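**Q** As you go down the protein sequences, you meet chains A and B in turn. Offset between the first sequence (1-based) and our numbering: plus 7. Offset between the second sequence (1-based) and our numbering: plus 84. Positions of the beta carbon are idealized from the N, C-alpha and C atoms, including for glycine. All values reported here derive from a predicted model rather than from experimental measurement. Dropping a structure here in structure tokens format, bear with me for questions.
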Amino acid sequence: MSLLPADVRTSDLPLDLTAAARDLWPGGTLDFWQGRPAPEPARVFWPKSEAEVHAVLKAASESQIPVTTYGMGSGVCGGARGREGAWVLDTKAMDAIGPLDSDRRTVEAQAGVNGQHLEDWLNARGFTLGHSPSSIWCSTVGGWAAARSAGQFSSRYGVFEDMVLGLGAVSPSRGAFSVGEGGDSPDDWMELLLGSEGTLAVITKVKMRVWPLPRERVLRGYRFPDVASAIRAMRGLMQGELWPAVVRLYDPVDTRIGGRTKTKENPEEEHRAFYREWLAAVDGMPSIRRRLLALPLALPGLVNNLFGSMASGCLLVVGWEGEPEVVKELYDVGHALLCKEGEDLGTGPGERWFHSRHAVSFKLMPIFERGGFADTMEVACRWSDVEALYDAVRAALGKTAVVMAHMSHVYPEGASIYFSFAGRGDPAVYDRTWKAALEACLSVGATVTHHHGVGSLKAAAASEEVGPAVAGWRSLKKELDPASVMNAGRLFVDVPHREIAPPELRPDDGMARAPLESTLSERAGWVQEGHEPMWPWESWPAPPRWLRLPWQTGWIEVAGRAGGLGCVLGRGPRSAAGPDLRGWLARRAGNQGTASFAVVPTEGAWMGAIKVADPWKVGWELIRKDLRPSSLYVKEGELRVGFRGPAARALAKIASAMVGGLVEIPWAPAPLASGPLEACDWKDKDIVALTLSGPVRRKEPEPARRKRTKESV
Amino acid sequence: MTPPTQSAETCSLCPRLCRPACPVASGSGREAAVPSLIAATLVEWGRGRLPVERALEAATLCVDCGACQSHCHLDRPLPELLRKVRREIVVFVEPEALQPIEGEGAMIVIEADERPFAAALSRRLKRPVRRWPTTDRLGVGAVEHADWEKHAEKLRLHKGAGADLVIADGGVATALSAAGIPFRWLQEVVPELPSGVASCCAPGGTTTVACCGAAGPLMAHHPEDSVRVGEFWLRRTESRQVSDARCRAHLQACGGKVRDALDVLLEGE
């Protein structure tokens, strides 16, 4: 008999239990449509405060009742789906937004705030979060953090975890605690809570970085002859540090089905959108509609081949946004790069995408209605594996489903591929399709999820990917959730682990690899000639995310031994396969381990210097203008600013005009302070770095600080 | 009775995309109030898997504002379906004769909750006003009734004969609009009513009336959720998230309780 927490709003009405039994996992949608009921929880709670959250978790732990945290149920991997007899902790009553600190450009929001409501709130005050997942209408801030969400502008603003500066959370054993900026708990818990999908604690509030609303936005479409040439172009944009806000490549099938390309010269020659016409035709003949749809879904191989043979070329949509003069320069350089192999289609494709960017999900329902299933899978890997990953997963999915793909999250070190697929609405076919696709993904060495998270759908595959490093998550779970009631059976499950060695790096990857404990100069020895580390940290790990600039990456892949087996983490950029356990693995592996890091060519790099009264503050203004210098530091009272990549000189010109004339000096980037660091004020004489919120200095070791305090007393 | 739920099927499969537009889903925090899940409940009821009481409970988690349909890229007519279902279910659960329109006069007041708006209005205007009584059980009353279509036709005829209709509830106003029945707004008839109270009922303001939670079946069937919805929208108003000036004025004046506006009319007597 469980003891209910007092004074927390709750319901055991069947209507509420049924509603909380299903999230947006398409397998659950298929079950619903075909009349298989979802396992129903026993009770739903709507706590309004951290104290109420703790009361629920404490009562559940004492009674050994599993707890599922539920935001708006937008997860597509079954992470919040029902469990027989469980309690559901619904976060939607925690829906306060603010305060907004417009100087430091931060905002706080409680976990249950709807994504679109937050964006509306910020827009009304002249800011944006820069996070625009296609689920923005039906997801929460807490869910974004718990499942490592990514939005459509990730190549400029980062994925959601890049925006997070602090988290509030509640666990059964610890009660309320905070991590990140101003947090009361270990810094490395931040990386373990992000992506933990309700298995460690309930995320109750999030402190995020915000950006001024962009004053300029440019969107343009390009047609490429094939996926390979488009991949080269995307890689060029990202490794050239051009920071586009939008990069979306539709594979030839997606381009053809979506009817997206239209040349500037022949605006009437738009490909007809097969999808829309197909459904319209089916709807026009109600007596045979199911059979008409069932036929192509029953013969996916044939349909894939048919579409493949009809397809010609693929569409790439690219866009920049921000300050007008910066956007202009980046666009000019990016456009020239894209036109080397691509054909300019004008602004139409980009604008069409922008105006319907959250509407794609409206296309899914008709497929279920007509007896099929529709689902999506987002995977990620380093650049040199992208084509192999595309081919392998597409082939695996294509045996049982009609498949198309696009790429909409790209980084200097790799890309994510997003597969959309539809098949016959048979649960066995559905399961077989997923199993084959996940195996194909792992066989290439990619991550099984980039931003949808793990849930129950990918739990076995993610556990295989993370391997023995799952122990790092188990260790914290034991501390925070000793009764193991938090979303048990989701995220990670017991699977046999195998030996995994780090893959050989190739030039396209834009990465180098070095021992974990190597110095910066030792690391430089592992970098190919004419290149340098993109972010030259003094040592690893890089500072925590709230003490560095959001676009500065630390290690990419970390490899080492754990549990007697070789283990590689970070197999795809911004993997959402659970918490980031790279720090745990690095500590375990020590100097036996290695880490890969982004490298970039130095050709064309430009650096300038100027003596100004308040050099760090002046440098900060450049960063706040979103110029994203490749190097910025102060030496002997002189501000030094450098840019790399094809837009280096154009950006330097803007920077020079802003600060009153940079004098060109030889390219000489300084090492980046690794830490320990702490935020400080502008009067501090020991500033060593900048974040978007302000200056940072080295943190003095604890004993020294105590001594000084004593002396000052 | 055959549950009229076929047109709910698409909504039941939707990934809950109209959630942020729905005032009840946003304000109550209940997953069950998300239009897609209301539709899912109706589909299951239509398939005979759920009792009618569940369908009634779901179909009344609604203020009849139409925001879900406005937000929907497929333009699914869920509000119309819910109205139809509510009318069917109410009869199914508890058959009840719709009251006749009482009295004489060129104006008709659709009167919910047995509050004597018709008499008050008659005295205020110094002219006869007809009364169409409804009950608390029916919430907004006539427009939720199974026989609504028949009575709507009568109302149209009344209008044709030169009668004016005076409405007494935002939800009724929305439904009258949807049924294409001309009507006059309370403030037009009693212009001295405080503008912050009644201006929300100005033509074109129907969604702003309904979104506060006090309109339609929500208040009648789920009073606690109605208050939550009102409070939620009031917070959004205070935080400048409600862009419509009429809506802001209304919410600030009433705190999310449209019925208070009508009380003003009674207090004046």
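Suppose only complete runs of 4+ residues qualify. What are the alpha helix (DSSP H) ranges in the segment 197–262 of chain A, listed by chain order?
**A** Runs of the alpha helix (DSSP H) inside the segment 197–262 of chain A: 234–246.
**Q** Does the Cβ-Cβ distance between Asp261/A and His362/A come in under 7 Å?
**A** Not in contact: Asp261/A and His362/A (Cβ atoms no closer than 7 Å).
**Q** Taking the CB atoms as reference points, tell me whether Ile173/B and Ala124/B lie closer together than 7 Å.
**A** Their beta carbons are not under 7 Å apart, which means Ile173/B does not touch Ala124/B by this criterion.
**Q** Give a yes or no on whether the C-beta atoms belonging to Tyr257/A and Leu201/A are separated by under 7 Å.
**A** Not in contact: Tyr257/A and Leu201/A (Cβ atoms no closer than 7 Å).
**Q** Going along chain A in order, which residues have a C-beta closer than 7 Å to the C-beta of Leu101/B?
**A** Result: Trp144, Cys145, Ser368 and Phe369.
**Q** Could you confirm whether any beta carbon from chain B is found closer than 7 Å to the beta carbon of Phe52/A?
**A** So no, Phe52/A is outside the interface.
**Q** Quick check on Ala204/B - is its C-beta less than 7 Å from some C-beta in chain A?
**A** Not closer than 7 Å to any Cβ of chain A, the Cβ of Ala204/B fails to qualify, so no.
**Q** Compare the C-beta of Ala116/B with all C-beta atoms of chain A and state if any pair is closer than 7 Å.
**A** It does; some Cβ of chain A falls within 7 Å.
**Q** Taking C-beta to C-beta, are Gly573/A and Ile507/A nearer than 7 Å?
**A** Going by C-beta atoms, Gly573/A is nearer than 7 Å to Ile507/A.
**Q** When the Cα atoms are used, what is the spatial distance from Glu545/A to Trp40/A?
**A** Whole-angstrom Cα-Cα distance: 56 Å.
**Q** Suppose you measure from the CA of Leu556/A to the CA of Thr698/A; what does that come to, to the nearest Å?
**A** Cα-Cα distance, rounded: 5 Å.
**Q** For my contact list, Ser162/A and Trp32/A are in at a C-beta cut-off of 8 Å; report their separation, rounded to the angstrom.
**A** Their Cβ separation, rounded to whole angstroms, is 28 Å, which puts Ser162/A and Trp32/A out of contact at 8 Å.
**Q** Which residues in the same chain have their Cβ closer than 7 Å to the Cβ of Val619/A, if we skip the five residues on either side of it in sequence?
**A** Taken in chain order, the residues that qualify are Val625, Leu646 and Val666.
**Q** So does the segment 364–373 of chain A actually touch the segment 211–230 of chain A, counting three or more Cβ pairs closer than 8 Å?
**A** No, they do not touch.
**Q** Using C-beta distances below 7 Å, list every residue in its chain close to Ala476/A, excluding the 5 sequence neighbours before and after it, in chain order.
**A** Within the same chain, Ala476/A has close Cβ partners Ala569, Cys574, Leu576, Leu588, Trp591 and Leu592.
**Q** How far does the beta strand (DSSP E) with Met414/A in it reach, from first residue to last?
**A** Run containing Met414/A: Ala408 to Tyr418, per the beta strand (DSSP E) assignment.
**Q** With a threshold of 7 Å between beta-carbons, can Asn121/A be considered close to chain B, or not?
**A** Output row for Asn121/A: interface = yes.
**Q** Against chain A, with Cβ distances strictly below 7 Å, would Val224/B count as a contact?
**A** At Val224/B, the pLDDT of 49 sits below 50, so the modelled position is not reliable; the number obtained from the coordinates is stated separately. Cβ-Cβ to chain A under 7 Å: no for Val224/B.
**Q** Report the three-state DSSP secondary structure of Met665/A (helix, strand or coil).
**A** The answer is helix: DSSP assigns Met665/A an H, G or I state.
**Q** First and last residue of the beta strand (DSSP E) that includes Ala387/A?
**A** Per DSSP, Ala387/A belongs to the beta strand (DSSP E) from Gly379 to Arg389.
**Q** Suppose contacts are defined by Cβ-Cβ distances below 7 Å. Is Arg578/A in contact with Thr454/A by that definition?
**A** A contact, by the Cβ cut-off of 7 Å.
**Q** Since Lys618/A sits in a beta bridge, which residues does DSSP pair it with?
**A** Paired residue(s): Glu645/A.
**Q** Please compile the residues from chain B whose C-beta is within a distance smaller than 8 Å of the C-beta of Thr36/A.
**A** Correct list: Leu97.
**Q** With DSSP collapsed to three states, give me the class of Thr94/B.
**A** If DSSP states are grouped into helix, strand and coil, Thr94/B belongs with the helices.
**Q** Going by beta-carbon coordinates alone, are Leu10/A and Ala66/A separated by less than 7 Å?
**A** In this structure, Ala66/A lies closer than 7 Å to Leu10/A by Cβ.
**Q** For Thr440/A and Ser316/A, what's the separation of their Cα atoms in angstroms?
**A** Those two C-alpha atoms are separated by around 23 Å.
**Q** Using three-state DSSP, classify Phe160/A as helix, strand or coil.
**A** Phe160/A: coil per DSSP, three-state reduction.
**Q** Going along chain A in order, which residues have a C-beta closer than 8 Å to the C-beta of Gly113/B?
**A** Under the 8 Å cutoff, chain A gives Trp53, Asp97, Lys99, Ala100, Asp102 and Gly119.
**Q** Between which two residues does the alpha helix (DSSP H) carrying Ser681/A extend?
**A** Premise fails: Ser681/A is in no alpha helix (DSSP H) and is neither H nor E.
**Q** If you count every other CB in all the chains shown that lies within 10 Å of the CB of Leu352/A, and 16 or more means buried, which is it?
**A** The residue is buried, with at least 16 neighbouring Cβ atoms inside 10 Å.
**Q** Are Ser603/A and Glu564/A touching if we call contact CB-CB under 7 Å?
**A** Their beta carbons are under 7 Å apart, which means Ser603/A touches Glu564/A by this criterion.
**Q** Excluding sequence positions up to five away, which residues of its chain have a Cβ less than 7 Å from the Cβ of Asp382/A?
**A** Hits under 7 Å: Pro33 and Phe428.
**Q** Terminal residues of the continuous beta strand (DSSP E) containing Asp127/A?
**A** Counting along the chain, Asp127/A falls outside any beta strand (DSSP E), though it belongs to the alpha helix (DSSP H) covering Gly122 to Asn130.
**Q** Smallest Cα separation from Pro219/A: which of Ala240/A, Ala157/A, Lys212/A and Gly137/A?
**A** Ranking Ala240/A, Ala157/A, Lys212/A and Gly137/A by Cα distance to Pro219/A puts Gly137/A first.
**Q** When burial is assigned at 16 or more other CB atoms within 10 Å of the CB, is Ala27/A buried or exposed?
**A** Its Cβ being crowded by 16 or more others within 10 Å, Ala27/A is buried.
**Q** Going by DSSP, what residues sit across from Gln599/A in a beta bridge?
**A** According to DSSP, Gln599/A bridges with nothing at all.
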